[in-house]
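Participant: The structure follows.
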Amino acid sequence: MFTTLIYRARMIAGAVSGRRDMSTEDRNYRNLLLSGLWFGPVDGGIYNFLGVFLARLGASASVVGLLTSGPALLSMLTYIPGGALAERYTDQMKLFVRITLLARLSYLLIALLPLLLTGSALPLAIVLVWALAAIPNSIGQPAWTAAMAQAVPPRRRAALNGARWSLMSLVSGALLLVFGLWLDRGPFPLAYQIVFLISFVAGVLNLYYFWRVSVPPFVPAARAAEPLHIGARLADFFRPLGESRPFVRYNIASIGFRLALALPAGLYSIYWVNDLRATDSWIGLRGTAGYAALVVGYWFWGRAANRIGHRRLLLICGATFALYPTLTALAPSVHWLLPAAVLWGLAASGIDLGLFDMLLAVCPEGQQPRFAAAANTLASLALTLGPLLGAGLAAAVTVRGALFVSGALQFASTFAFLLLPEHEHE
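This is the structure we're talking about:
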């Protein structure tokens, strides 16, 4: 096993270092790996510590939950028009980079907000800025899905995503520990502002490497002359979605699981800070343990996905992931968050790979932005309702009780993956 890991690490290092005579496919592989590396400080910084920052500011579970449900609500309203707009551009990757840069500016603004606001207004302003970033993302995400479908061939996709996300998780995990130690020792809120500024700079560098990825011009699927009436245009846009049985089956199988997954999204930070009295160092160490497991998980599941099939991958990892909120709720002290985080990383990596590869497989050629927008709209619906329902559940039965209920619902919803084909291209 260790020999294989070393060999794979050498392959990744070789791909990252690059050669002048590399093919376009290999050059894309390299740039996508480097984009994953530079997303590490974003994921290990603002993505993991923004909710903790709100909890430190005294925000309620409902406000922390809005970090997830707020962007999801706006995404749900804008993904469809965003997908329709994305279909009008031939260079999907360049569109993604330009529009996502607008969204990344939210990191910079959030870092500056403590200089402008105090008290209860600050958490609400942060949530508002975070939510508004979803509007440009609703155009960028469908474009990114279409570009990723063309950047490397399907035979290399699982290996690329496994290697790319492993690299990202390695950087994220290391920085979670570093950032956690810094946040415990640095001045409040300046320490958080510096972490968020680092995330902004890394987010721009992440987009730089995406800009260097070369994909063929996007050619929309041929269709009849565009109708003039708005109702007819909407019907023309939505008709292919309902006619694609694989796409419908994918969304029916995944929507319930996504909802159960989102239920405790706003509760973890509250539980760590208020119930377990976790310091930022412990929260960072928990993140490091989880991301170390993600590295192993992405490597292992990236190799195993094509062999065992994506349906079995999702069943195994979905059922395993359901233990995470339960183990978190059972933790008598912060020390027990570490094994729970390891289980989270091993299972979440398989879910990421399985759902993403399945989505790319069910999006027809020439219609990827449209189908990706529709799938993301449904996912956003789950992300909108889940944290709100979770906050209401926590108010009724305590945060700990809500975590137990979430785990049971996640396990039950995993069985819907039986509706999926065994392999992504069936």
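One gets the working numbering by counting positions in the sequence shown from 1 and adding 665 to each.
Even for Gly, the Cβ is constructed at its ideal location relative to N, Cα and C.
Being a predicted model, the structure only gives us computed values, none of them experimental.
1. Does the stretch 1005–1017 come close enough to the stretch 782–800 to have 3 or more Cβ pairs within less than 8 angstroms?
2. Can you tell me which of the three DSSP states residue 883 falls into?
3. In terms of residues, what are the limits of the alpha helix (DSSP H) holding residue 874?
4. Along the chain, where does the alpha helix (DSSP H) containing residue 734 start, and where does it finish?
5. Quick one: grab the DSSP three-state call for residue 982.
6. Counting C-beta neighbours from all protein chains within 10 Å, is the total for residue 837 16 or more, i.e. buried, or is it exposed?
7. For residue 945, which three-state DSSP category applies?
8. Within the chosen definition, does the stretch 955–966 reach the stretch 819–838 through at least 3 CB pairs nearer than 8 angstroms?
9. Distance check for residue 729 and residue 719, CA to CA, integer angstroms please.
10. Residue 1020: which of 1033, 1034, 1040, 957 sits nearest, CA to CA?
11. Please determine if the stretch 1045–1063 and the stretch 843–858 are in contact, where contact requires at least 3 C-beta pairs separated by less than 8 angstroms.
12. Report buried or exposed for residue 975, applying the criterion of at least 16 other Cβ atoms within 10 angstroms of its Cβ.
13. So within the stretch 1007–1069, which uninterrupted beta strand (DSSP E) runs reach at least 3 residues, ignoring any that extend past its ends?
14. Flag this pair as touching only if the stretch 803–819 and the stretch 687–698 have three or more C-beta atom pairs under 8 angstroms; answer yes or no.
15. Do residue 740 and residue 871 count as a contact pair if the criterion is CB distance below 7 angstroms?
16. Taking only three categories from DSSP, how would you classify residue 786?
17. Pick helix, strand or coil for residue 781, following the three-state DSSP scheme.
18. Use the C-beta contact count for residue 863: other C-beta atoms within 10 angstroms, 16 or more gives buried, fewer gives exposed.
19. So, is residue 889 buried or exposed, given that buried needs 16 or more other C-beta atoms within 10 angstroms?
20. Is residue 779 buried or exposed, if buried means 16 or more other CB atoms sit within 10 Å of its CB?
21. Quick one: residues in its chain with C-beta nearer than 8 angstroms to the C-beta of residue 782, no 5 flanking neighbours on either side, listed in chain order?
22. With a 10 Å radius around its C-beta and 16 neighbouring C-beta atoms as the bar for buried, classify residue 1025 as buried or exposed.
23. For residue 810, does the three-state DSSP call read helix, strand or coil?
24. Where does residue 758 land, buried or exposed, given buried means 16+ other C-beta within 10 angstroms?
25. For a test of the three-state rule: what should DSSP assign to residue 970, helix, strand or coil?
26. Can you tell me the Cα-Cα spacing of residue 1068 and residue 881, whole angstroms?
27. Using C-beta distances below 7 angstroms, list every residue in its chain close to residue 761, excluding the 5 sequence neighbours before and after it, in chain order.
28. With a threshold of 7 angstroms on Cβ separation, who are the neighbours of residue 1084 within its own chain once the five nearest residues in sequence on each side are excluded?
29. How many angstroms separate the CA atom of residue 1086 from the CA atom of residue 925?
30. To the nearest angstrom, how far is it from the Cα of residue 884 to the Cα of residue 1035?
31. CA-CA distance, residue 769 and residue 873?
32. Can you check whether the CB of residue 1028 is closer than 7 angstroms to the CB of residue 1037?
33. Could you check which residue in 774, 1011, 935 has the C-alpha nearest to that of residue 985?
34. Does DSSP put residue 754 in a helix, in a strand, or in coil?
35. Can you give the Cα-Cα distance for residue 995 and residue 941, rounded to whole angstroms?
Facilitator: On the basis of the supplied data:
1. no
2. coil
3. 855–876
4. 726–751
5. helix
6. buried
7. helix
8. yes
9. 7 angstroms
10. 1040
11. no
12. buried
13. none
14. yes
15. no
16. helix
17. coil
18. buried
19. Confidence in residue 889 is poor, its pLDDT being 49 and thus under 50, which makes the residue's placement too unreliable to answer from.
20. buried
21. 790
22. buried
23. helix
24. buried
25. helix
26. 45 angstroms
27. 805, 808, 809, 812, 875
28. 914, 917, 918
29. 22 angstroms
30. 13 angstroms
31. 13 angstroms
32. yes
33. 1011
34. coil
35. 11 angstroms
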